[in-house]
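Numbering (my numbering), first residue to last: 72 to 216. All residues carry an ideal CB built from backbone N, CA and C; glycine is no exception. Written below as structure tokens is the structure these notes are about.
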């Protein structure tokens, strides 16, 4: 897909996309790439709806569960110069929210970074695993821009 946009725009193009799996959820309940599409609904849920839904699901799992985020970053400088990096990291989901919901990041209030035991809602962007991977990608491939 990134290659399509570069051929249309003639500008370097970046794409970042990913999905989520939560241990203990049945396959039909796994969010995958559709975190905002609760139970297959044909609309995007609000941040508050997302938070409430996943709090309820994690409660059914005993109040805590491991989540695994898998993502891909793609950079297309030209149609023949495309760089891709895949990454994944674990987080701990809890049914006890902390902090305020930031628009577009509803799950941050119920995700805990396992090694630091800090909620994502309390972390600076530079401390977040997802941001660290994006920064790593740009450090490694900045010469291609």
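- Every unbroken stretch of the alpha helix (DSSP H) spanning 4 or more residues and falling wholly within the region 102-137 is given here in chain order: 118-131.
- Put simply, the backbone Cα of residue 184 is about 14 Å away from that of residue 170.
- Non-local C-beta neighbours of residue 193 in its own chain, meaning closer than 8 Å and more than five positions away in sequence, comprise 169, 170, ordered along the chain.
- When only Cα atoms are considered, residue 92 and residue 104 end up about 9 Å apart.
- Taken atom to atom, the span from the alpha-carbon of residue 173 to that of residue 106 is near 16 Å.
- Within the model, the alpha-carbon separation for residue 155 versus residue 79 is close to 19 Å.
- Its chain contains 129, 163, 164, 165, 166 as the residues whose beta carbon lies nearer than 8 Å to that of residue 135, once the 5 sequence neighbours on both sides are disregarded; these appear in chain order.
- A distance below 7 Å separates the beta carbons of residue 121 and residue 177.
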